[in-house]
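**Q** Below is one structure. I have some questions about it.
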Amino acid sequence: MENFDVQNVSISAPFERVFSYIADPANLPRWTNAFAKADETSAVMVTPNGELKIGLKTKASKEHGTVDWYMTMPDGSVGAAFSRATPNGSGTVYTFVLMAPPVPVEQIEGTLKQQKEILRKELEKLKGILEGASP
Numbered sequence: 467m468e469n470f471d472v473q474n475v476s477i478s479a480p481f482e483r484v485f486s487y488i489a490d491p492a493n494l495p496r497w498t499n500a501f502a503k504a505d506e507t508s509a510v511m512v513t514p515n516g517e518l519k520i521g522l523k524t525k526a527s528k529e530h531g532t533v534d535w536y537m538t539m540p541d542g543s544v545g546a547a548f549s550r551a552t553p554n555g556s557g558t559v560y561t562f563v564l565m566a567p568p569v570p571v572e573q574i575e576g577t578l579k580q581q582k583e584i585l586r587k588e589l590e591k592l593k594g595i596l597e598g599a600s601p
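Using the working numbering, the first residue of the sequence shown is number 467, and each one after it goes up by one.
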């Protein structure tokens with residue numbers, strides 16, 4: 467059973483701009499559905515059961531183009547999301563590795579399938595923002 471998905475999007479914007487935007491956790495609510503707000507140490511996630519305050523740690527390396535997030539849930543479990551921005555001529559390729567959420571094994575496939583579609587839409591939204599089509 468697959469427990470991950472890798473998606474990418476080509477963004478017609480310079481690496482510096484793309485990396486800086488993605489590495490700033492305050493921008494997460496602008497391009498993702500999962501966050502109502504986020505800062506350097508915490509975030510408010512949007513869930514089917516309402517908002518959930520979590521710990522958030524962003525690890526970014528401009529040298530390697532990586533931006534990873536570690537989310538500590540109220541029960542102490544930690545979820546992670548991994549991504550990379552890669553220069554591509556005058557543009558950037560942004561790659562996101564979606565890991566299955568911490569749910570029971572029998573729920574992974576359905577949950578991951580839903581999250582894949584959400585991620586696809588989020589990457590398109592990010593592309594629009596960074597290419598100047600959205601605020």
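Just so you know, even glycine gets a beta-carbon here, dropped at the ideal spot from N, CA and C.
Report the three-state DSSP secondary structure of Asn469 (helix, strand or coil).
**A** Residue state, collapsed to three classes: coil.
**Q** Alpha carbon to alpha carbon, how far is Asn515 from Phe501?
**A** 14 Å
**Q** What residue range is occupied by the uninterrupted alpha helix (DSSP H) comprising Glu482?
**A** Phe481 to Ala489
**Q** Quick check on Lys593: buried or exposed, where buried means 16 or more other Cβ atoms within 10 Å of its Cβ?
**A** buried
**Q** From this set, Arg586, Thr577, Lys582 and Ser486, which residue's C-alpha is nearest His530's C-alpha?
**A** Shortest Cα-Cα distance from His530 to any of Arg586, Thr577, Lys582 and Ser486 involves Ser486.
**Q** DSSP state of Ala566, grouped into three classes?
**A** coil
**Q** Excluding sequence positions up to five away, which residues of its chain have a Cβ less than 7 Å from the Cβ of Ile595?
**A** Arg496 and Trp497
**Q** How big is the Cα-Cα spacing for Ala551 and Thr558?
**A** Those two C-alpha atoms are separated by around 6 Å.
**Q** Have a look at the DSSP bridge pairing and note the partners of Gly555.
**A** Answer is none; Gly555 lacks a bridge partner.
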